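K.L.:
Quick one: the structure is below, questions incoming.
Numbering (the numbering used here), first residue to last: 4 to 76.
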């Protein structure tokens with residue numbers, strides 16, 4: 004097989020694997036949707052908690068926290 008055909012075969016193989024992975028990741032049941040929503044909500048809450056409560060926690064341990072102002076331009 005020449006290089007061009009091998010390259011096309013590799014590309015097609017990669018595309019098929021991506022399609023199979025996408026098909027396997029589709030959520031089909033209500034229970035799975037609820038579980039996925041819980042995971043997303045937990046991740047969102049943790050990231051926002053770090054943003055909001057991170058400076059507070061650091062200040063409780065004696066670190067000087069400088070508040071930065073958000074300037075809208």
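Positions of the beta carbon are idealized from the N, C-alpha and C atoms, including for glycine. All values derive from a computational prediction rather than experimental measurement.
For the alpha helix (DSSP H) that contains residue 34, what are its first and last residues?
P.N.:
For this step, residue 34 is matched to residue 31 along the chain shown. Run containing residue 34: 33-63, per the alpha helix (DSSP H) assignment.
K.L.:
Out of curiosity, what's the CA-to-CA distance linking residue 31 and residue 38?
P.N.:
Within the chain shown, residue 31 is the residue found at index 28, counting from 1. Within the chain shown, residue 38 is the residue found at index 35, counting from 1. The C-alpha of residue 31 lies about 12 angstroms from the C-alpha of residue 38.
K.L.:
Using the C-alpha atoms, what's the distance from residue 5 back to residue 29?
P.N.:
The residue you call residue 29 lines up with position 26 of the chain shown. The residue you call residue 5 lines up with position 2 of the chain shown. One C-alpha to the other measures close to 37 angstroms.
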